[in-house]
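The listed protein sequences derive, respectively, from chains A and B. Using the working numbering, the letters of the first sequence correspond one by one to residues -11 to 149. Using the working numbering, the letters of the second sequence correspond one by one to residues 111 to 224. Before any comments, here is the structure.
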Amino acid sequence: MTVNPTHITAPDGTPFIEVVREFDAPRDLVFRASTDPDLVVRWLGPRSLSMRVIEFDARAGGSYRYVHTGADGEEYPFRGVFHTVSEALIIQTFEFEDVPGVVSLETRTLDDLGGRTRLRQNAVFPSVAARDQALESGMRHGITESMDRLGELLGARSGQR
Amino acid sequence: MTRTSGDPDRLDRAFAALADPVRRAIIARLSTGPVTVNELAEPFPITLQAVSQHVAVLEQAGLVTRTRQAQRRPVHLDPAALESVTAWIDTYRLQAERSYRRLDAVLETLKEES
Chain A
-11 MTVNPTHITA PDGTPFIEVV REFDAPRDLV FRASTDPDLV VRWLGPRSLS
39 MRVIEFDARA GGSYRYVHTG ADGEEYPFRG VFHTVSEALI IQTFEFEDVP
89 GVVSLETRTL DDLGGRTRLR QNAVFPSVAA RDQALESGMR HGITESMDRL
139 GELLGARSGQ R
Chain B
111 MTRTSGDPDR LDRAFAALAD PVRRAIIARL STGPVTVNEL AEPFPITLQA
161 VSQHVAVLEQ AGLVTRTRQA QRRPVHLDPA ALESVTAWID TYRLQAERSY
211 RRLDAVLETL KEES
């Protein structure tokens, strides 16, 4: 099975991060997987097994809050509010609670490609510095991930589908 | 990604150096500890001179260093330099990709259910 590529654009000197990714599934399923907390917990974030959803009310005006727990027990809480929730368009705020007050606005569109779906997410941070910091912390936390991935690559196939 | 960190020239050299399978094998060998060029050359069906040249490319890329210990000049891997290369490999994107692969799996199960 081929994996669809993830395109990320974060031009220098802008507060934007844009992500584009296609999925081999109809739009209503991608929407469900993005809004049903029981499904979201199975894929969102760096470590799915340790994601704890405290609140996930995916409708206009609803809030969400979840906590990722690292292997070392370190907790990374995130929260935000849904502004618009429809199958074609979700707009929400996003805040890493360890950096309070730095809130990004995420606009996510789901294009129906007839049995397939294109997800396009644009995040706008309050400043270029905040955007850079988010990228860099993602990179720092991602190091462990990369090493895990490398381990998986080097080791025998371990229960991967 | 259009964003880079670190010294771009150095990264260019590091990536160019790592683009060669023999040099990657040398890096892998050095990850277990410093060895001499002679020892490095053993597993390869190429001349000592060729291995020396590969080591020189890795040295210019800042990935390895050579010290002088009596008659030996062992080659050392510079883990920090290698880390700066792998850190550049955008782990933000890797993280996103990983999530989306899991979403692929969730969507597959949803498709089976419906």
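Heads up, the beta-carbon is just placed ideally off N, CA and C, and yes, glycines get one too. Nothing here was measured: the structure is a model prediction, and the numbers come from that model.
Residue interval of the alpha helix (DSSP H) (run including residue i)
i	result
alanine 135(B)	131 to 140
serine 162(B)	158 to 170
asparagine 148(B)	147 to 151
Extent of the continuous beta strand (DSSP E) to which residue i belongs
i	result
proline 155(A)	Residue 155(A) lies beyond the residue range present for chain A, which begins at -11 and ends at 149; the question has no answer from this structure.
serine 224(B)	Premise fails: serine 224(B) is in no beta strand (DSSP E) and is neither H nor E.
serine 22(A)	Taken as a continuous stretch (DSSP letters only), serine 22(A) belongs to no beta strand (DSSP E), being part of the alpha helix (DSSP H) at 15 to 23.
aspartate 100(A)	91 to 100
leucine 187(B)	185 to 187
asparagine -8(A)	Segment: none, asparagine -8(A) is in no beta strand (DSSP E) and carries neither H nor E.
phenylalanine 11(A)	4 to 11
serine 38(A)	Where serine 38(A) is concerned, there is no enclosing beta strand (DSSP E), given that its DSSP letter is neither H nor E.
threonine 175(B)	174 to 176
arginine 106(A)	105 to 112
glutamate 83(A)	77 to 84
serine 51(A)	51 to 57
Within chain A, the residues that residue i reaches when beta carbons sit closer than 7 Å
i	result
leucine 217(B)	Phe11, Ala13, Leu17, Val18 and Ala21
alanine 206(B)	Thr(-6), Ile(-4) and Val7
arginine 211(B)	Val(-9)
C-beta atoms of residue i and residue j nearer than 9 Å
i	j	result
alanine 117(A)	glutamate 6(A)	no
leucine 187(B)	alanine 127(B)	no
valine 41(A)	proline 25(A)	yes
valine 73(A)	arginine 47(A)	yes
asparagine -8(A)	aspartate 12(A)	yes
arginine 211(B)	glutamine 170(B)	no
leucine 77(A)	threonine 57(A)	no
leucine 150(B)	valine 185(B)	yes
aspartate 130(B)	valine 167(B)	yes
glycine 68(A)	serine 209(B)	no
phenylalanine 70(A)	glycine 102(A)	no
valine 216(B)	arginine 30(A)	yes
isoleucine -4(A)	arginine 203(B)	yes
alanine 122(A)	phenylalanine 84(A)	yes
Closer than 9 Å at the beta carbon, the chain A residues around residue i
i	result
arginine 139(B)	Chain A residues near arginine 139(B): none, gap ~15 Å exceeds 9 Å.
aspartate 214(B)	Met(-11), Val(-9), Asn(-8), Phe11, Asp12, Ala13 and Trp31
8 Å contact criterion, which residue i and residue j should meet: CB distance rounded
i	j	result
valine 91(A)	threonine 105(A)	27 Å between Cβ atoms; not a contact.
valine 147(B)	valine 132(B)	Contact flag wrong, Cβ pair sits at about 13 Å.
tyrosine 52(A)	methionine 39(A)	With 8 Å as the limit, tyrosine 52(A) and methionine 39(A) do not qualify as a contact, their Cβ atoms being about 12 Å apart.
serine 115(A)	proline -1(A)	About 15 Å separates the two Cβ atoms, so there is no contact after all.
valine 18(A)	leucine 93(A)	Actually they do not touch by this definition, with Cβ atoms about 21 Å apart.
threonine -6(A)	glutamate 207(B)	5 Å
arginine 183(B)	threonine 177(B)	7 Å
leucine 220(B)	arginine 20(A)	7 Å
Chain A residues whose Cβ lies nearer than 8 Å to that of residue i
i	result
alanine 127(B)	Within 8 Å Cβ-Cβ: nothing; alanine 127(B) doesn't reach chain A, min ~19 Å.
arginine 203(B)	Thr(-6) and Ile(-4)
leucine 220(B)	Ala13, Leu17, Arg20, Ala21 and Leu27
heavy atom of the ligand GTP below 8 Å from residue i C-beta
i	result
aspartate 120(A)	The ligand GTP is absent from the structure shown, which contains no ligands of any kind.
Chain E contact for residue i (CB, 9 Å cutoff)
i	result
aspartate 0(A)	Any reference to chain E falls outside this structure, whose protein chains are A and B.
Checklist entry - Between the segment 157 to 179 of chain B and chain A, which residues of the former have CB atoms less than 9 Å from a CB of the latter, in chain order? => result none
Next on the checklist: Taking beta-carbon pairs under 8 Å, can you tell me which members of the segment 78 to 106 of chain A lie near chain B?
Outcome noted: Residues passing the 8 Å Cβ filter: none.
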